[in-house]
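As they're listed, the protein sequences go chains A and B. With this note's numbering as the guide, the letters of the first sequence map in order to residues 9 to 386. With this note's numbering as the guide, the letters of the second sequence map in order to residues 1252 to 1573.
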Amino acid sequence: MQTFATERLEWPATARDLRRRVRELVAAHGVHDPVARANCWARPDPEFSRKLAAEGFIGMIWPKEYGGHERTALERYVVLEELLAMGAPVGAHWIADRQTGSLLLRYGSEEAKRRWVPGMARGEVFACIGLSEPNAGSDLASVKTSARRDGSDWIVTGQKVWTTNAHLAHVMIALVRTESGSERNQGLSQFIIPMDTPGVTVRPIIDLTGGHDFNEVFLEEVRLPASALVGKQGNGWQQVTAELSLERSGPERYLSSMALLVELIRYAETARSPALNELVGRLAAETWTLRLMSASLACKIARGEDPALEATMVKDLGNSFEQAIPELVQAAVDVDSCGPEDLGLVLCYLLQVSPSFSLRGGTREILRGIIARGLGLR
Amino acid sequence: MTEEQRLLADMADNLFGSLGPDACLERDWQAMEDVALPGLLLAEDLGGSGGSWEDALVAFRLAGYHALALPLPEAVIAAGLAGRGRARGTIASGVQGTIRDGTFSGTISGICFGLGADFVVAPCPEGGSMVIEATDLSMVSHRNLAGESRETATAQEARIERLRPDVFALGAFARVAQIAGALDSALARSVTYANERQQFGRALARFQAVQQNLAIFACEAAAANCAAMGAAQALARGAACFEIAAAKLRANRAVGIGAALAHQVHGAIGFTMEYPLHRLTRRLWTWRSEFGNDSRWAGALGAGIVARGADAFWPDLTALTD
Chain A
9 MQTFATERLE WPATARDLRR RVRELVAAHG VHDPVARANC WARPDPEFSR
59 KLAAEGFIGM IWPKEYGGHE RTALERYVVL EELLAMGAPV GAHWIADRQT
109 GSLLLRYGSE EAKRRWVPGM ARGEVFACIG LSEPNAGSDL ASVKTSARRD
159 GSDWIVTGQK VWTTNAHLAH VMIALVRTES GSERNQGLSQ FIIPMDTPGV
209 TVRPIIDLTG GHDFNEVFLE EVRLPASALV GKQGNGWQQV TAELSLERSG
259 PERYLSSMAL LVELIRYAET ARSPALNELV GRLAAETWTL RLMSASLACK
309 IARGEDPALE ATMVKDLGNS FEQAIPELVQ AAVDVDSCGP EDLGLVLCYL
359 LQVSPSFSLR GGTREILRGI IARGLGLR
Chain B
1252 MTEEQRLLAD MADNLFGSLG PDACLERDWQ AMEDVALPGL LLAEDLGGSG
1302 GSWEDALVAF RLAGYHALAL PLPEAVIAAG LAGRGRARGT IASGVQGTIR
1352 DGTFSGTISG ICFGLGADFV VAPCPEGGSM VIEATDLSMV SHRNLAGESR
1402 ETATAQEARI ERLRPDVFAL GAFARVAQIA GALDSALARS VTYANERQQF
1452 GRALARFQAV QQNLAIFACE AAAANCAAMG AAQALARGAA CFEIAAAKLR
1502 ANRAVGIGAA LAHQVHGAIG FTMEYPLHRL TRRLWTWRSE FGNDSRWAGA
1552 LGAGIVARGA DAFWPDLTAL TD
């Protein structure tokens, strides 16, 4: 039994140059607050998104016809991992770049593609994902937000929750029940909903760190044209499932605590402690392994495969690693979470935000259930 | 895998599978020679196959998968390093002593299946490795945790040939590959057992606690395999000091989680001498510290990273592969 097909990785010849350009761009923009470098893909900075887009670093694998740059998946991967390792504030465009643009390119109407994708590639159009509802978290198939036909329009009513960046997004991709009376994952469709459509209301949800990522989104008789349907009516579940592989397979799934590891190394430089050196070594070994596993997902996706099982495994390993780093640092270093040392400040933030790592994008227990099924256990 | 690697894998899978943990050195070593396996890394002009470290990974991993009770990985490394294809060589993990005028005096420990070997490649106290003839060693034999033969030997002004490569690191690579294979095998056994064994009116596999544990186990086995592959690829490019340290650390961690979960899933039956799980887990446990435990590799890896400084960490990491 070999659950994860290992393969030799060939990095693109352009990698070194791409990394250098990303580092220069981020350095020029300046991310001076070390806490801001942690979990940086949750931090929106529209100005940075536009700068990044101007360099050709958003929509890298999309067709040029829609504003993309037709680069390879591994080139895109190189850019992403550099951005995350440097703690760049990529939160505003992250979702659009990672999945929404690709979703529209694959399933969207021509009108939707032309209207939204070029703007996403310019770092000007941001997206959010309308999936979870108050009664549909891990059990996504129990969504109740529904749409009914009215002439050639659709009228959408319902509520979404935990919608990251709904307060900044220009569009939401919503999973909606279009077949009245349908059960579970039958009769679902995806819609692209401009956030300024009448009937759309966004209310912030503040998390325990005081941060604002999450929102409630209320949809009250929201009227949409036929062109807002993404893909086939009734095919929503299959489309969402394919999107999940994209959502789960990126380097952000293991790099959220990278800023803390870097601060630990910085601290260890003057600490001269064999114990701290050993901790650094162990964390470096995990980082190295996860990078290989994450990169091999990019290779598989580039070949047109859908490594759903492998992506699930890497996400689970990655999330556990991200959560372990703050605990291990706190146990090994006598540092004050009030500061002034950067190590303490970054630790303070990550300790609090870390429970979300194994909740967002697929709760740990659900992921492990998926892996178990992949092993032939259910 | 290349086509050649697939052929190698098929051959090794069948052969190692038929021999497994009941293989006996005296009786079964010839079977290794018959298919020219010990010469896997030996240069072709010296009579070997001229294979790569990725080829070696294929063979070493399968040796671990089948809990092969023969020192094949050791012989392959020894032959490749010493450039000798004639008789069985092996490797050792420990050394204490001095070099003088091209001779070694001191103790060599952790010699893998030293009895009957023709020569030993051991770490050299002054760096790199040294080849030493078995006839110049007086060996005392022990059994390790897994019941395999490990020798300690003393030498008095024994002539040595010095080599640049680090046999300790290459031994660690072998263990990483074997760990990856053994974990896959233990996982497969555990999945089969969970699907077959019934309690409370249904298969163990139907219980979420069991499912979640096996999912964790599968992730660890995957990580160990990816680490092994990463190290093999790195060895093709150079000494791979960083990668071998990282891979051994990752594999060691996977041993702890995987071996424990394998025993948990199997219940008491897995704890018996009769049931073959221990053939894998006792090897896993011994391999976790052979050719470097966590402290050894974490200290070396960490000290190197800290010395380079925080801002070099990520650039250095990516430069390994670019």
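C-beta: ideal position from N, C-alpha, C; glycine also. Fair warning: this is a prediction, and the values are worked out from it, not measured in the lab.
Neighbouring residues, chain A, relative to residue i (Cβ below 9 Å)
i, result
"Ile1556/B", "Ile273, Ala276, Asn285, Val288, Gly289, Ala292"
"Leu1568/B", "Ala93, Ala292, Thr295, Trp296, Arg299"
For residue j and residue i, believed in contact at Cβ under 8 Å, the rounded distance
i, j, result
"Glu90/A", "Ala1549/B", "Glu90/A to Ala1549/B, Cβ: 26 Å. No contact."
"Ala1274/B", "Ala1320/B", "4 Å"
"Met68/A", "Arg79/A", "4 Å"
"Leu176/A", "Phe134/A", "5 Å"
"Met203/A", "His220/A", "At roughly 16 Å, the Cβ-Cβ gap does not stay under 8 Å, so Met203/A and His220/A are not in contact."
"Gly1340/B", "Ala1368/B", "6 Å"
"Ala292/A", "Ile1556/B", "6 Å"
"Arg1530/B", "Ala1318/B", "4 Å"
"Gly1299/B", "Gly1336/B", "5 Å"
"Leu353/A", "Val43/A", "5 Å"
Residues sharing a beta bridge with residue i, DSSP
i, result
"Gln1632/B", "The shown model of chain B, from 1252 to 1573, leaves out residue 1632/B, and the question about it has no answer."
"Ala1478/B", "Answer is none; Ala1478/B lacks a bridge partner."
"Ile1359/B", "Val1346/B, Ala1404/B"
"Val1382/B", "Val1372/B, Glu1412/B"
"Gly1340/B", "Phe1370/B"
"Val164/A", "Ala155/A, Val230/A"
"Val1391/B", "Thr1403/B"
"Thr249/A", "The partner list for Thr249/A (beta bridge, DSSP) is empty, contrary to what the question assumes."
Simplified DSSP assignment, three categories, for residue i
i, result
"Gln198/A", "strand"
"Gly239/A", "coil"
"Thr209/A", "strand"
"Lys152/A", "coil"
"Arg130/A", "coil"
"Trp8/A", "Lying before the first or after the last residue shown, residue 8/A is absent from chain A, which here runs from 9 to 386."
"Asp53/A", "coil"
"Asn223/A", "strand"
"Met180/A", "strand"
"Ala135/A", "strand"
"Glu141/A", "strand"
"Glu1399/B", "coil"
"Arg274/A", "helix"
"Ile214/A", "strand"
"Thr1532/B", "helix"
Short Cβ contact (8 Å threshold) for residue i with residue j
i, j, result
"Ala1343/B", "Ile1359/B", "yes"
"Met180/A", "Gly244/A", "no"
"Val87/A", "Phe65/A", "yes"
"Ala1397/B", "Arg1534/B", "yes"
"Ser1436/B", "Leu1465/B", "no"
"Gln167/A", "Gln198/A", "no"
"Pro1322/B", "Ser1380/B", "no"
"Ser1303/B", "Ala1491/B", "no"
"Val343/A", "Leu351/A", "yes"
"Ala1472/B", "Gly1509/B", "yes"
"Tyr1316/B", "Gly1481/B", "no"
"Arg185/A", "Ser146/A", "no"
"Ala1469/B", "Leu1500/B", "no"
"Gln10/A", "Asn1476/B", "yes"
"Asp158/A", "Ala234/A", "no"
"Leu92/A", "Pro259/A", "yes"
"Ser257/A", "Leu196/A", "no"
"Ala1474/B", "Thr297/A", "yes"
"Cys136/A", "Ala96/A", "no"
"Leu26/A", "Trp70/A", "no"
"Gly127/A", "His101/A", "no"
Beta-carbon neighbours of residue i, restricted to chain B and to distances below 8 Å
i, result
"Ser304/A", "Cys1477"
"Arg376/A", "Gln1462, Gln1463, Ala1466, Ile1467"
Proximal residues of chain B, C-beta to C-beta of residue i below 7 Å
i, result
"Asp324/A", "Cys1470"
"Asn24/A", "Going by the sequence as given, residue 24/A is Arg instead of Asn. Asp1573, listed in chain order."
"Trp8/A", "Limits of chain A in this structure are 9 at one end and 386 at the other, which puts residue 8/A out of reach."
"Thr14/A", "Asn1476, Cys1477, Met1480"
Partner residues on chain A for residue i, Cβ-Cβ distance less than 8 Å
i, result
"Phe1564/B", "Leu269, Val270, Ile273, Ala292"
"Val1442/B", "Met9, Leu383, Gly384, Leu385"
"Ser1392/B", "The contacting residues do not exist; Ser1392/B stays about 33 Å from chain A at best."
Residue i Cβ short of 7 Å to the ligand GDP heavy atom set
i, result
"Val133/A", "This structure simply doesn't include the ligand GDP, nor any ligand for that matter."
Proximal residues of chain B, C-beta to C-beta of residue i below 9 Å
i, result
"Met203/A", "Those do not exist, as Met203/A stays about 36 Å from chain B at its closest Cβ, beyond 9 Å."
"Ile309/A", "Correct list: empty, because the minimum Cβ distance to chain B is about 16 Å."
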